[in-house]
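Asker:
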Amino acid sequence: MQGQQSQAIGSGSGSSSCRVGHAGPDTQPEPDQRLEEAEVLQKGARLVLPSDSPTEWAYVEEVLRGPMKKLADLDTMLTKISAIDPVPKVSTFFEMVPGSVDAGKFDFETFFAKGVPLMIEVALEMPELFADMHVPIFKTYSSWTDLQSFGEKSVTLSRRQCACLLSHSFFGSLKRPKDVEPNNFRFTAVDLFMGTAVSPNSATTFLNYFTVLGKHGIPDGSVTFQRRGYRKGPSPWQWKNNEKPLCQVVMSDGSLEDCMADVHVEFANAFIGGGVMTGDFAMEEILFLVKPELMVAMALQNRMSDTEVVCISGALQYSLTTGFGSSFEFAGDYDGRRDGPPPKVCGIDAIRGGGPAMSEAALLRDMNKARIAFHEAHDIATGHWGCGAFGNNHNLMFLKQWLAASEAGAQKVYYYDFDRRQSHSIHPIVRKLRHMTVGQLWHLLRETTGAFKPFDVASFSVWVSGVARGQIKVPGALPSARRS
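Per the numbering used here, residue 409 is the first one in the sequence shown, and the count goes up by one each step.
1) I want to know whether the segment 760-778 touches the segment 860-871 - three or more CB-CB distances under 8 Å.
2) Could you check whether V718 and M712 sit closer than 9 Å to each other, using their CB atoms as the reference points?
3) Using alpha carbons as the reference points, say which of V870, I680, P585 and F614 lies closest to V524.
4) Would you report the Cα separation of L708 and E536, rounded to the nearest angstrom?
5) Is the number of C-beta pairs between the segment 625-635 and the segment 543-561 that are closer than 8 Å three or more?
6) Within a Cβ cutoff of 6 Å, which residues of the same chain sit near K752, ignoring the five residues on either side of it in sequence?
7) Here's the rule I'm using: 16 or more other beta-carbon atoms within 10 Å means buried, otherwise exposed. How should V498 be labelled?
8) Cβ of V505 within 9 Å of Cβ of A571?
9) What distance in whole Å lies between the Cβ atoms of K820 and V658, which are believed to be in contact at a cut-off of 8 Å?
10) Check whether the segment 467-481 touches the segment 600-610, taking contact to mean three or more Cβ pairs, one atom from each stretch, closer than 8 Å.
11) Quick one: measure Cβ to Cβ for A789 and L654, integer angstroms, because I've assumed they're closer than 8 Å.
12) Using C-beta distances below 6 Å, list every residue in its chain close to T518, excluding the 5 sequence neighbours before and after it, in chain order.
13) DSSP state of A705, grouped into three classes?
14) Counting C-beta neighbours from all protein chains within 10 Å, is the total for E701 16 or more, i.e. buried, or is it exposed?
15) Can you grab the Cα-Cα spacing for the pair K881 / G559, in whole Å?
16) Any idea if R877 is buried or exposed, counting beta-carbon neighbours within 10 angstroms, 16 or more meaning buried?
17) Going by DSSP in three states, M844 sits in which element: helix, strand or coil?
18) Can you tell me whether DSSP reads G523 as helix, strand or coil?
19) For the beta strand (DSSP E) that G755 lies in, which residues bound it at each end?
20) I'd like the span of the alpha helix (DSSP H) that includes K820, first residue to last.
21) From the DSSP output, read off the bridge partner residues of M659.
22) Please return the same chain residues whose Cβ sits closer than 6 Å to the Cβ of T715, not counting the five positions on each side in sequence.
23) Quick one: using the 10 Å Cβ neighbour count with 16 as the cut-off for buried, is E651 buried or exposed?
24) Based on DSSP bridge pairs, tell me the residues matched to L565.
25) Would you list, in sequence order, the uninterrupted beta strand (DSSP E) runs of no fewer than 3 residues that lie entirely inside the segment 645-698?
26) Pull up the distance between the alpha-carbon of H624 and that of Q569, whole angstroms please.
27) What do you get for M668, buried or exposed, if any count of 16 or more other CB atoms within 10 angstroms of its CB means buried?
28) Please name the residue, chosen from A781, K648, A797 and R779, that lies closest to E693 on a Cα-to-Cα basis.
29) Looking at the structure shown, is T612 part of a helix, part of a strand, or coil, going by DSSP?
30) For P590, count the other beta carbons within 10 Å of its own beta carbon; 16 or more makes it buried, fewer makes it exposed. Which is it?
31) At what residues does the alpha helix (DSSP H) containing T482 begin and finish?
32) Closer than 7 Å by C-beta to D688: which residues in its own chain qualify, once you throw out the five before and the five after it? Chain order, please.
33) Output the boundary residues of the alpha helix (DSSP H) element that contains S873.
34) Hey, quick one: how far does the alpha helix (DSSP H) through F738 stretch, first residue to last?
35) State buried or exposed for S735, treating a residue as buried only when at least 16 other CB atoms are found within 10 Å of its CB.
36) Going by the beta-carbon positions, is the gap between W850 and W647 smaller than 9 Å?
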């Protein structure tokens with residue numbers, strides 16, 4: 409399948425699409441196609457592949473076709489490709505980790521027999537898979553054009569193209585384009601295997617993707633990487649006097665990834681993928697490890713602005729893991745426990761927690777960010793967004809997401825309550841506030857948070873507890889006897 413780039417104009421009212429590549433000899437590109445191709449050809453706006461340079465590709469191909477008689481030969485390949493980097497590194501991962509306690513449950517023998525041949529095969533297919541094609545990089549603030557207030561831009565790659573890019577990310581042969589800032593290109597899976605960020609648990613979970621592909625073949629289908637947002641300023645929707653009803657909330661246990669909702673929230677870093685390539689094990693990093701096709705976004709998507717989100721459709725899960733943080737471990741192949749098509753994964757970064765997060769500007773920033781992600785969603789699976797390293801208040805972040813989902817017209821929010829010690833008020837507060845409209849709840853939230861000076865989060869928590877217990881009455885509440 410050839411890669412495609414599409415652009416939807418407006419908030420779902422219409423769309424157009426075109427291929428980003430070279431027109432045929434007898435075909436003149438349409439004006440909108442020429443515009444999109446010109447955007448891709450700007451500095452830092454397209455992925456630079458090793459196969460773009462005959463000299464570079466000849467070297468990479470020679471390394472990839474080298475001897476492969478034992479696992480440690482992978483160390484030789486990684487070291488040889490790193491030799492052309494400004495700071496060369498030496499890999500010893502495949503000599504040291506297999507057979508050690510760091511190997512955990514990962515089957516290196518099956519990986520060598522099935523995963524390695526597939527990895528090399530698909531890497532060598534790069535010239536054919538990406539022939540006459542430019543793969544776009546979407547810059548910050550690129551979701552919209554000069555003629556738009558809200559826009560979407562996307563590129564669709566086949567699963568085989570994704571596997572090819574992931575293989576080159578492992579070998580270290582897909583380099584950061586010179587005109588792309590380092591933080592905007594974190595697609596460096598090789599860092600899990602050599603250097604200062606070596607992480608056996610992350611590395612083996614990533615490698616299992618290739619083992620699964622080697623055993624079962626690369627699935628048909630494609631993955632779409634979408635950037636959407638609006639120009640900074642007034643949002644395309646209104647919160648004040650909004651008459652839309654609040655949507656249903658279902659408090660949920662278990663794994664968010666197993667939810668049948670069509671949209672799954674990814675608690676993201678502004679740089680999509682966060683620290684997955686440096687051995688971090690928070691929600692975002694674990695998700696990208698069990699669904700490595702998500703990692704391709706780390707090559708294609710620059711930092712998200714306050715009014716942009718990144719959504720990825722079609723990414724499959726290949727592995728299971730256990731634990732979180734320091735207890736994280738690879739646990740085997742994914743068992744297909746979730747039926748149906750894969751969900752759309754929408755990455756949204758939150759504002760930093762603390763008192764300033766309760767200002768009206770901060771509230772609107774996060775509500776609008778979530779609203780962009782929830783555009784056209786039917787059901788949403790989410791949880792404690794921004795409540796880990798970012799330190800936000802659990803109840804406040806829930807209310808922001810509830811408002812955003814309701815304004816977007818979602819029917820249901822599945823809320824995964826991982827830590828009820830911090831959020832035991834959410835279920836009762838839903839019962840106390842569900843009669844409100846979006847506009848009424850926004851007015852209540854704005855008035856309440858504005859009353860706590862200087863942005864006293866502790867007082868807000870006391871207020872939430874009082875509402876949940878019925879000690880503080882909210883406007884328009886139904887008498888207890890009439891509540892269902």
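For each residue, glycine too, the CB sits at the ideal point set by N, CA and C.
Answerer: Quick answer:
1) yes
2) yes
3) F614
4) 20 Å
5) yes
6) V671, C719 and S721
7) exposed
8) no
9) At roughly 6 Å, the Cβ-Cβ gap stays under 8 Å, so V658 and K820 are in contact.
10) no
11) Not quite, the Cβ-Cβ distance comes to about 18 Å (not below 8 Å), so this is no contact.
12) T619
13) helix
14) buried
15) 41 Å
16) exposed
17) coil
18) helix
19) K752 to I756
20) Per DSSP, K820 is not a residue of any alpha helix (DSSP H); the beta strand (DSSP E) it occupies stretches across K820 to Y824.
21) Y823
22) G637, Y638 and K640
23) exposed
24) Residue pairing from DSSP places L565 in a beta bridge opposite V631.
25) 656-660 and 671-675
26) Taking the straight line joining both Cα atoms gives about 17 Å.
27) exposed
28) A797
29) helix
30) Counting Cβ neighbours within 10 Å, P590 comes out exposed, since fewer than 16 surround it.
31) Note on residue identity: the sequence assigns Leu, not Thr, to residue 482. Unbroken alpha helix (DSSP H) run through L482: A480 to S490.
32) G682
33) V865 to A876
34) Boundaries for F738: no alpha helix (DSSP H) harbours it, while the beta strand (DSSP E) harbouring it runs E737 to D741, taken from the DSSP string.
35) exposed
36) At the C-beta level, W850 and W647 come within 9 Å of one another.
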